[in-house]
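In terms of numbering that gives the first Met the number 0, the sequence shown is numbered consecutively and its last residue is 370.
In this text, a Cβ means the ideal position worked out from N, Cα and C, and glycines have one as well.
In what follows, a structure is listed as structure tokens, so that the remarks can point back to it.
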Amino acid sequence: MGEYKPGLSTPIGRWAAVGPYYAMFPLDFAFEVIENYSKPGDLVVDPFAGRASSIYAAATKGRHGLGIEINPLGWIYAQTKLNPAPLQQVEDRFRAVVMASKREKYIDLAKDLPEFFRWCYSKEILAFLLAGRNLLNWRANKVDRTLMSFILVYLHGKLGQNLSNQMRQSKAMGHLYSVRWWKERKLRAPQIDINEFLLHRIRWRYEIGFPQITSSKVKMADSSKVLKKEVEAFEKKIDKRCSLFFTSPPYYGLTNYHKDQWLRLWMLGGEELPLWVSEKHKGRFESQVEYIELLESVFSVASEIMDDTGTVYVRTDIRDFTRTTTLEILRKYFPDWDEKIVEAPVTGKTQTIVLGNTSSKQGEVDIILTR
Ligand SMILES: C[S@@+](CC[C@H](N)C(=O)[O-])C[C@H]1O[C@@H](n2cnc3c(N)ncnc32)[C@H](O)[C@@H]1O
């Protein structure tokens with residue numbers, strides 16, 4: 000089993016970095032919790048897995064991980080990290096998409112897209128993205144999914160290091176704002192040779208190998224509907240009860256995991272423009288009742304599936320409604336468990352500081368329940 004060292008010099012660290020997501024665990028934190036609160040062979044469950052740092056840390060440290068994530072972007076990264084397709088097959092598929100992108104059809108499709116896309120990407124890159132969007136069956140095919148994750152990683156970010164014009168990497172800005180910003184600075188879409196750019200980066204990911212993984216899985220689904228069934232089936236399969244319930248629920252009224260990722264979700268077949276998502280659990284939580292219902296459903300299941308000697312480790316927003324609601328619900332379902340509360344100081348690594356919010360209190364709080 001390889002060591003996790005922050006950075007990209009080990010297989011564990013290199014694959015852990017797949018891919019940019021919003022409000023994600025700092026990697027060293029995910030590994031620390033796994034090492035400190037579980038042992039090899041244990042089952043670790045995360046019902047709000049995001050890009051699955053918790054599950055990946057568990058799986059690379061000899062534990063079994065079971066995650067649920069409703070956002071396809073987090074799920075794709077998770078699947079690639081836990082089970083990537085062989086490099087040769089990914090390269091072959093990549094070449095097939097590049098070939099297809101030369102067809103008239105994709106050049107024409109590019110012309111019909113909103114202005115944003117032509118400022119963001121060169122003609123050739125846009126045709127490549129449209130071909131990939133059309134051809135890659137990422138839900139069902141492992142090779143297609145692995146290739147799609149690499150495209151998503153480099154879809155936008157710093158100029159020269161990604162396929163796009165200058166953008167943020169973890170969060171896609173609005174289309175009107177972006178176009179105005181590029182126009183003011185006369186920043187045209189960069190000319191990039193897709194073969195040189197992407198092949199080189201895909202090979203780099205595989206170059207030093209892949210870590211050993213203990214059987215683990217992340218399911219794309221709504222935890223409030225499937226958590227119990229999924230955990231029970233997995234417990235049966237590995238003959239273990241859950242001994243670490245390690246998660247970070249969405250923060251009330253704060254991050255919108257779908258809107259913030261609208262461009263990557265477009266690549267996965269979503270809308271051309273960042274529409275406000277109103278589907279339950281996919282937008283930003285604005286309804287206190289729905290938020291309470293979600294936490295109730297997930298933590299009530301947690302209390303049924305946990306091993307008697309397990310740990311519940313929850314990282315959440317320090318601000319009042321999220322913090323108080325989470326604590327009350329945890330106390331209701333784990334009444335006689337010991338409780339430890341650690342307020343995480345605001346550092347460059349916290350999940351919410353990057354939002355630039357103006358609340359006086361920022362940062363996270365860790366609630367740790369043990370028996
Ligand atoms: C704070 S983030 C967790 C990030 C994660 N710890 C990581 O390192 O990437 C909360 C996650 O919960 C997901 N989520 C929200 N509602 C959900 C639901 N009903 N079922 C499953 N996942 C959900 C969001 O899409 C988001 O990825």
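Buried or exposed for I328, going by 16 or more other Cβ atoms inside 10 Å?
Counting C-beta atoms within 10 angstroms of its own C-beta, I328 has 16 or more neighbours from the protein chains shown and is therefore classed as buried.
Taking C-beta to C-beta, are Y371 and L162 nearer than 7 Å?
The displayed coordinates of the chain run from 0 to 370. Any statement about residue 371 would go beyond what the structure contains.
Extract the residue ranges of the beta strand (DSSP E) inside the region 41-95, only unbroken runs of 3 or more that lie entirely within it.
The DSSP assignment places 42-45, 63-68 as complete runs of the beta strand (DSSP E) inside the region 41-95, in order along the chain (cut-off: 3 residues).
How is the beta strand (DSSP E) around M147 delimited, first residue to last?
The continuous stretches of beta strand (DSSP E) do not include M147, which lies in the alpha helix (DSSP H) extending over residues 141-152.
Under 8 Å: do the region 141-160 and the region 227-241 share three or more Cβ pairs, one atom per stretch?
No, they do not touch.
For my contact list, R62 and S37 are in at a C-beta cut-off of 8 Å; report their separation, rounded to the angstrom.
So it is a contact: roughly 5 Å between Cβ atoms.
I want to know whether the region 334-342 touches the region 55-75 - three or more CB-CB distances under 8 Å.
No, the region 334-342 does not touch the region 55-75.
At least 3 beta-carbon pairs within less than 8 Å: the region 232-248 vs the region 76-96:
Between the region 232-248 and the region 76-96, the count of Cβ pairs shorter than 8 Å is below three; the stretches do not touch.
Would DSSP call D171 helix, strand or coil?
Looking at the sequence itself, residue 171 is Ala, so the reference to Asp does not match. Under the three-state reduction of DSSP output, A171 falls in the coil class, being neither helix nor strand.
Q88 to W118 span [Cα, whole Å]:
Our two residues, Q88 and W118, have alpha carbons roughly 32 Å apart in a direct line.
Looking at the structure shown, is G18 part of a helix, part of a strand, or coil, going by DSSP?
Secondary structure of G18 (DSSP, three-state): coil.
With DSSP collapsed to three states, give me the class of A220.
Correct three-state label for A220: coil.
Here's a check: name, in chain order, each residue in its chain whose Cβ is nearer than 7 Å to the Cβ of P46, leaving out the five neighbours to either side.
Closer than 7 Å at the Cβ level, and outside the excluded window around P46, lie I67, S222, L226, T246, V297.
With a CB to CB cut of under 7 Å and the five nearest residues on each side skipped, what residues in its chain are close to F333?
Hits under 7 Å: S302, V311, L368.
As a quick exercise: from K331, G362, G40, pick the residue whose alpha carbon is nearest that of A343.
Minimum Cα distance to A343 is reached at G362.
Pairing CB atoms from the region 41-58 with CB atoms from the region 18-26, are three or more of them under 8 Å?
Yes: the two stretches touch, three or more of their Cβ pairs being nearer than 8 Å.
Give the DSSP-derived three-state secondary structure of K331 in the structure shown.
Correct three-state label for K331: helix.
Please list the terminal residues of the continuous beta strand (DSSP E) segment that includes G131.
That residue, G131, is in no beta strand (DSSP E); its alpha helix (DSSP H) goes 122-134.
When every heavy atom of ligand 1 is checked, does at least one fall within less than 6 Å of the C-beta of E68?
Checking every heavy atom of ligand 1 against the Cβ of E68, one is found closer than 6 Å.
Per DSSP, which residues does Q165 bridge with? Please list them.
For Q165, which the question treats as bridged, DSSP gives the partners G156.
Output the distance between the C-alpha atoms of K182 and K110, rounded to the nearest integer angstrom.
Answer to the nearest angstrom: the Cα atoms are 19 Å apart.
A22: beta carbon under 6 Å from a heavy atom of ligand 1?
Within the cutoff, so yes.
Do S215 and I54 have their C-beta atoms within less than 7 Å of each other?
With contacts defined as CB atoms closer than 7 Å, S215 and I54 qualify as a contacting pair.
Whole-number beta carbon distance between F149 and I201, since they are thought to touch under 8 Å:
Taking C-beta atoms under 8 Å as the contact rule, I201 and F149 qualify, at a distance of about 5 Å.
Within 10 angstroms of its Cβ, does V364 collect 16 or more other Cβ (buried), or is it exposed?
Classification of V364: buried, given that the 10 Å Cβ count is 16 or more.
Please report the residue range of the alpha helix (DSSP H) in which S296 lies.
Per DSSP, S296 is one residue of the alpha helix (DSSP H) stretching across 287-304.
CB of D316 to nearest heavy atom of ligand 1: below 6 Å?
No.
Looking only at its chain, what residues have a beta carbon closer than 6 Å to the beta carbon of R263, apart from the 5 residues adjacent to it on each side?
The beta carbon of R263 is closer than 6 Å to those of L72, L151, L154 in its chain, skipping five residues each way along the sequence.
Rounded to the nearest angstrom, what separates G268 and H199 at their Cα positions?
If I take the Cα positions, the gap works out to 26 Å.
Less than 7 Å between the beta carbons of I212 and A58, yes or no?
Taking 7 Å as the Cβ cut-off, I212 and A58 qualify as a contacting pair.
Put L226 into one of helix, strand or coil per three-state DSSP.
In the three-state scheme derived from DSSP, where H, G and I count as helix and E and B as strand, L226 is classed as helix.
State yes or no: is the C-beta of C241 within less than 7 Å of the C-beta of V44?
When the beta-carbon positions are compared, C241 and V44 come within less than 7 Å of each other.
Reducing DSSP to helix, strand and coil, say where R314 ends up.
Looking at R314 - three-state DSSP - the assignment turns out to be strand.
Cutoff 7 Å; reference L372; Cβ partners in own chain excluding five residues on either side
What is shown of the chain runs 0 to 370, which leaves residue 372 out entirely.
By Cβ distance below 6 Å, which residues in the same chain neighbour A130 in space, the five residues on each side in sequence not counted?
Result list for A130: V96, A99, S100, Y105, in chain order.
Sort R13, G252, T323 by Cα distance to L81 and report the nearest one.
Check the Cα spacing between L81 and each of R13, G252, T323: the tightest is with R13.
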